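Q: After the structure tokens below, expect a handful of questions from me.
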Amino acid sequence: MPTVLALASESGITVNGPLVVTSFNLFGIDFNLTESVIVQWLVILILLIVVLILTHNMKVVPETKRQVAAEWIVEFFTSTVDGTMGAKYSKYRPYFMALFCFIMINNLMGLLGLRNPTADVSVTGAFAIITFCMVQYNKGKTGKFKGFMKSFVEPLPFMLPFNIIGEFANPLALTLRLFGNMVAGIVIGSLIYFALGNFAILIPAVASLYFDIFSAVMQAYIFIMLSMSYISSAECGD
Numbered sequence: 023m024p025t026v027l028a029l030a031s032e033s034g035i036t037v038n039g040p041l042v043v044t045s046f047n048l049f050g051i052d053f054n055l056t057e058s059v060i061v062q063w064l065v066i067l068i069l070l071i072v073v074l075i076l077t078h079n080m081k082v083v084p085e086t087k088r089q090v091a092a093e094w095i096v097e098f099f100t101s102t103v104d105g106t107m108g109a110k111y112s113k114y115r116p117y118f119m120a121l122f123c124f125i126m127i128n129n130l131m132g133l134l135g136l137r138n139p140t141a142d143v144s145v146t147g148a149f150a151i152i153t154f155c156m157v158q159y160n161k162g163k164t165g166k167f168k169g170f171m172k173s174f175v176e177p178l179p180f181m182l183p184f185n186i187i188g189e190f191a192n193p194l195a196l197t198l199r200l201f202g203n204m205v206a207g208i209v210i211g212s213l214i215y216f217a218l219g220n221f222a223i224l225i226p227a228v229a230s231l232y233f234d235i236f237s238a239v240m241q242a243y244i245f246i247m248l249s250m251s252y253i254s255s256a257e258c259g260d
């Protein structure tokens, strides 16, 4: 079910969840195709076009600003991943570069008059579940089965329930942090426009610079930084 958030007051301002474009039944299960899914397809198309443009006709020695920009992006994420996780996690560079770009553009879709998919908790939850799975994979890979199971009773056996809660607290925090910030931007922006009425000219524009641009980029960056931290710290001995 799509997330629905209502702001009830005398003003009548209401912020609803993503619209359901269509529904269909598959193997006896009802599925909703929401605007969050449609907008994410659009984001994938935008990313594909940008990548094709930036990587077209590349040379060993850069001859265009387009290639310089592409190489700068790669170098930035190379240094970010290596600096946060260590060089041994270099295989994660493409993933976190793609994740950052995908989340950031999703966050910026409000500039096109569309609803940000990241204002849907099911979307941010999916990102967090991927990070959670990668954390568990890294724990199992570094500690094998014995080390993986032992990590839940460290430093003392009575810590078992707290360690289990901690494992699920991280993805929940990732989900709600991104979702909350995006929804807050929608609500606050709507309140500003409504409160100013006919004078809604300069102040909403300034607020938009923060909520639609700065906050969108920062929240994407924070999400990948936290994900990198959780994954790299999820190491356990045999």
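Numbering (our numbering), first residue to last: 23 to 260. A virtual CB, placed ideally from N, CA and C, is assigned to each residue, including glycine. All figures in this text were calculated on a predicted structure; none of them were measured in a lab.
1. Can the beta-carbon of residue 96 be found closer than 9 Å to that of residue 119?
2. Comparing alpha-carbon positions, which option in 117, 49, 87 and 134 lies nearest residue 152?
3. Rounded to the nearest angstrom, what separates residue 78 and residue 86 at their Cα positions?
4. Entirely within the stretch 40-89 and at least 3 residues each: give me those beta strand (DSSP E) ranges in chain order.
5. I'd like to check one pair, residue 138 with residue 68: are the Cβ atoms closer than 9 Å?
6. Quick check: what's the CA-CA separation for residue 265 versus residue 203?
7. Going by DSSP in three states, residue 104 sits in which element: helix, strand or coil?
8. Between the Cα of residue 253 and the Cα atoms of 99, 106 and 44, which residue gives the shortest distance?
9. For the candidate residues 102, 83 and 141, whose alpha-carbon lies nearest to that of residue 248?
10. Counting along the chain, where does the alpha helix (DSSP H) carrying residue 117 start and finish?
11. Which of the three DSSP states is assigned to residue 195 in this structure?
12. Have a look at residue 210 and residue 40 and give me their C-alpha separation to the nearest angstrom.
13. What three-state label does DSSP hand residue 177 in the structure shown?
14. Where residue 171 and residue 185 are concerned, what is the direct C-alpha to C-alpha distance, given to the nearest angstrom?
15. Starting from the C-beta of residue 23, find all residues in its chain whose C-beta is less than 6 Å away, skip the five residues before and the five after it, and write them out in chain order.
16. Taking the straight line between their C-alpha atoms, what separation do you get for residue 235 and residue 90?
17. Excluding the five sequence neighbours on either side, which residues of its own chain have a C-beta within less than 8 Å of the C-beta of residue 125, listed in chain order?
18. Return the chain-ordered list of same chain residues with a C-beta closer than 6 Å to the C-beta of residue 76, the five sequence neighbours on each side being excluded.
19. Rounded to the nearest angstrom, what separates residue 110 and residue 104 at their Cα positions?
20. Tell me which residues share the same chain as residue 80 and place their Cβ nearer than 6 Å to its Cβ, disregarding the 5 neighbours each side in the sequence.
21. Would residue 157 and residue 189 qualify as a contact pair, given that the criterion is a beta-carbon distance under 9 Å?
22. Keeping to the same chain, check which residues put their C-beta closer than 7 Å to that of residue 123; ignore five residues upstream and five downstream.
23. Taking only the alpha-carbon atoms, compute the straight-line gap between residue 100 and residue 178 and give it to the nearest angstrom.
24. Alpha carbon to alpha carbon, how far is residue 55 from residue 47? Give it in angstroms, no decimals.
A: Taking the structure as given:
1. yes
2. 117
3. 10 Å
4. 42-48 and 51-56
5. no
6. Past the boundaries of the shown model lies residue 265; the chain is included only from 23 to 260, so the question cannot be answered.
7. helix
8. 106
9. 102
10. 115-130
11. helix
12. 18 Å
13. coil
14. 11 Å
15. At residue 23 the pLDDT is 37, less than 50, meaning the model places this residue with poor confidence; the figure from the coordinates comes in the next sentence. Closer than 6 Å at the Cβ level, and outside the excluded window around residue 23, lies no residue.
16. 23 Å
17. 140, 149, 200, 241, 242, 245 and 246
18. 88 and 92
19. 8 Å
20. 89
21. yes
22. 69
23. 38 Å
24. 11 Å
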